[in-house]
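One structure is given below, encoded as structure tokens.
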Amino acid sequence: MIGEPWPPERPRVAPGRARMAPICEHCRVQIIDQGVEVEGHWYCGAHCARADGRTGIGDRV
52 MIGEPWPPER PRVAPGRARM APICEHCRVQ IIDQGVEVEG HWYCGAHCAR ADGRTGIGDR
112 V
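Residue numbers for the sequence shown follow our numbering, so the first one is 52 and each next one is one higher.
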């Protein structure tokens, strides 16, 4: 939401690189919009989280 502080646990900077979007740990794309964080891992959506073996995640349509 606009005006809320950036969550400190969400990575802003990749090691050795300039500021950039987090990377999906399954398909390796940059997460530009809303990503899914599961147990400290970032995914572009619930489909990638499930494909990586994470459970209890659902996409909103």
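Beta carbons: idealized from backbone N, C-alpha and C, even for Gly.
Per-residue burial, residue i [other beta carbons within 10 Å of its own, 16 or more giving buried]
i           : result
residue 96  : buried
residue 102 : exposed
residue 82  : buried
Residue span of the alpha helix (DSSP H) that contains residue i, given as start and end
i          : result
residue 77 : First-last for residue 77: undefined, no H or E at that position.
residue 99 : 97–102
Endpoints, the beta strand (DSSP E) within which residue i is located
i          : result
residue 88 : 87–89
For residue j and residue i, believed in contact at Cβ under 8 Å, the rounded distance
i          : j          : result
residue 86 : residue 94 : 6 Å
Proximity below 7 Å, CB of residue i to CB of residue j
i           : j          : result
residue 92  : residue 76 : yes
residue 100 : residue 89 : yes
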